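In the numbering used here, the protein residues as written are 3 to 440. Where is the CB? At the ideal position from N, CA and C, for every residue including glycine. Computed from a prediction, not measured in an experiment: that's the story for all the values here. Have a look at the structure below before the remarks.
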């Protein structure tokens, strides 16, 4: 899907002049296309960046010849999740496109769709609405194209905020069009139905959300796609957990684990990821023992798959949380050190705890309406344990100091490793903020 989107978006903007460019711009562009064909996301990103930089150097920002390469680089940044960088590149590309084509041109539509996603909720609705309106104005009879845009913007708007009215209306329009074109039981409906489930999420009120997920799963089952049905059950369970905090998530996630075990085996990475997701649900509902078993089963499988590194780190972090909450700090240390060995060192300023608990708000300060903050400095030792915490700055009540120190003592970190050995990290700071919700 991503390859088709990027290639189509780029080719829609490329002109004959761009395609005729001499090396090295065109060479970088061709390298990007080859990487896309091989599903090499990182390679495509590098080549897209190279083409963008060379085109800017040759033609200048705002040039029609540089625009498609900027657009493509923005798409690739979006693909790898670098939303802030994508937002900057795509925002500049939109300004250039408006200068070249005009503010109401159809050529702006793919840029607006991508820019809305990169905004991550900060202006996304307005940008997406503009894309939909421009498509309708220029291509009123192209319902298939409109449905594709409505699906994409609807899904990311639903992810950014609960009960977004534009997300619901866009996805409802897309569903209506696709039902008419493909029928009410077509696999083409599945992404729209999953998006509509997300768009109808409400805190601990999952009935409408569940209805759309169930219809999508039913279509996969009816078309004899058991693996797709398992994928959809896991996605539905994850979104019921995250978007609605619904206990219904357990049923979907447990079913997904069973399906993967049956279809792929206990040692498959999809089975392990499903176990990890179900473990997250159990931890959220304070069922640490079943979560521990699931994580310990999943961890060896994740460790053997280079592409599952982020999932492995998540599993290790959850085990730290389980053992710290149960008072088994020695066992937690094993997994803190494992994370430390896997992760490169960041600056002390960016050093974040794996496990932390918020300080208790002093009752006396709460009764007096007092607010403030405390900055605590400490050393993180070779086991990822906080040592010698002290208050180095504060504002507000003196009552905030002790709960801040107590909370800091409970933090656990991945220790820093130098030449394969853990070392102490002095001068680590954390700011505890005490605010009363009005």
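Beta-ladder partner(s) of residue i, from DSSP
i, result
"residue 373", "Per DSSP, none; premise fails for residue 373."
"residue 396", "376"
"residue 389", "381"
"residue 435", "375"
"residue 236", "Partner(s): none; residue 236 has no beta bridge."
"residue 430", "380"
CB of residue i within 8 Å of CB of residue j, strictly
i, j, result
"residue 134", "residue 106", "no"
"residue 55", "residue 98", "no"
"residue 255", "residue 276", "yes"
"residue 130", "residue 149", "no"
"residue 2", "residue 268", "Nothing in the structure corresponds to residue 2, since the chain is present only between 3 and 440."
"residue 414", "residue 334", "yes"
"residue 85", "residue 46", "no"
"residue 417", "residue 342", "yes"
"residue 382", "residue 392", "no"
"residue 235", "residue 208", "no"
"residue 193", "residue 153", "yes"
"residue 405", "residue 355", "no"
Nearest-angstrom Cα separation, counted from residue j out to residue i
i, j, result
"residue 397", "residue 360", "18 Å"
"residue 225", "residue 38", "29 Å"
"residue 389", "residue 430", "10 Å"
"residue 206", "residue 243", "9 Å"
"residue 238", "residue 179", "23 Å"
"residue 50", "residue 138", "30 Å"
"residue 68", "residue 162", "31 Å"
"residue 156", "residue 272", "27 Å"
"residue 160", "residue 166", "6 Å"
"residue 326", "residue 253", "27 Å"
Residue i (DSSP reduced to helix, strand or coil)
i, result
"residue 165", "coil"
"residue 287", "coil"
"residue 380", "strand"
"residue 186", "coil"
"residue 363", "coil"
"residue 257", "helix"
"residue 423", "strand"
"residue 214", "helix"
"residue 93", "helix"
"residue 417", "coil"
"residue 204", "strand"
inquiry  = With three or more C-beta pairs closer than 8 Å as the rule, is the region 80-87 touching the region 56-66?
reply    = no
inquiry  = Taking 8 Å as the cut-off, does the region 363-374 touch the region 311-327 (at least 3 CB pairs, one atom from each stretch)?
reply    = no
Sufficient close CB pairs (3 or more, under 8 Å) joining the region 178-190 to the region 198-205 = no
query = How do the region 111-131 and the region 84-100 stand: do at least 3 beta-carbon pairs fall below 8 Å, yes or no?
reply = yes
inquiry  = Could you check whether the region 205-219 touches the region 165-172, counting it as contact only if at least three pairs of C-beta atoms, one from each stretch, sit closer than 8 Å?
reply    = no
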